[in-house]
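**Q** Residue numbers (the working numbering): 202 to 276.
C-beta: ideal position from N, C-alpha, C; glycine also.
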């Protein structure tokens, strides 16, 4: 797919949202690791895992919105 020329604003926004996705997945993985070691109760860590995964989903949504606007902008 050819998006044409990317401007700096959209490129920075895509990098921010991609970083939020990776960060959310890393935090969820860290809490799963902490729960598996038995350091905290499962109900407490489960809340953190769900919040991190929901945050990653919101970041994916933002990234896809930017990609969709770029696709329609340069179509």
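Whole-angstrom Cβ separation of residue 225 and residue 256, contact assumed at under 8 Å?
**A** The sequence position of residue 225 within the chain shown is 24, counting from 1. The sequence position of residue 256 within the chain shown is 55, counting from 1. The Cβ separation is near 4 Å, so the contact holds.
**Q** Which term fits residue 232, buried or exposed, when burial requires 16 or more other beta carbons within 10 angstroms of its beta carbon?
**A** Translated into the one-based positions of the chain shown, residue 232 becomes position 31. Buried, by the Cβ-count rule.
**Q** CB residue 271 to CB residue 211, shorter than 9 Å?
**A** Taking the chain shown and counting its residues from 1, the one referred to as residue 271 is at position 70. Taking the chain shown and counting its residues from 1, the one referred to as residue 211 is at position 10. Yes, the pair counts as a contact, with Cβ atoms nearer than the cut-off.
**Q** Where does residue 241 sit, in a helix, a strand or coil, going by DSSP?
**A** Translated into positions along the chain shown, residue 241 becomes position 40. Of the three classes helix, strand and coil, the one that applies to residue 241 here is coil, per DSSP.
**Q** Considering only C-alpha positions, which residue in the set 244, 263, 252 and 208 is nearest to residue 227?
**A** Within the chain shown, the letter at position 26 stands for residue 227. Minimum Cα distance to residue 227 is reached at 252.
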